[in-house]
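Here's the structure we're looking at; comments come further down.
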Amino acid sequence: LYPDFLNEQDRMRERERERERERERERERERERERERERGRERERGRERGRERESERERERERERERERERERERERERVDKVTAHARAWRLNRVVLK
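Numbered continuously in my numbering, the sequence shown closes out at residue 905.
So this is what it looks like as structure tokens:
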């Protein structure tokens, strides 16, 4: 009877230790899942920052294109002004020479 009782106590203690080890494994799995979720959130934040940087670069490229268009319009105005001034001078010369 007595050795059986000890064996039973040993088995109960072993089962309790096994349950505790299982609980610890479950806690570790939960910590790992949480770390994975955090990595996912971090990746998403990184992608969001990347999209923001790309949008900002795109806006900067658009501003540069607009500045280039404005410079082109300015060159065209200067060219037209020169042609107009030349034509005006030519007409005035004709009037003066007559």
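Cβ coordinates follow ideal geometry from the N, Cα and C atoms, glycine included.
Rounded straight-line distance, which links the Cα of residue j to that of residue i
i: Glu835; j: Glu823; result: 18 Å
i: Glu815; j: Glu821; result: 10 Å
i: Glu845; j: Glu839; result: 10 Å
i: Asp811; j: Met819; result: 12 Å
i: Arg858; j: Arg848; result: 15 Å
i: Trp897; j: Glu871; result: 39 Å
i: Glu841; j: Glu855; result: 21 Å
i: Arg830; j: Asp817; result: 20 Å
i: Tyr809; j: Arg828; result: 29 Å
i: Leu904; j: Glu869; result: 52 Å
Below-8 Å beta-carbon distance, residue i vs any chain B residue
i: Arg886; result: Structure shown: chain B not included; a single protein chain is present.
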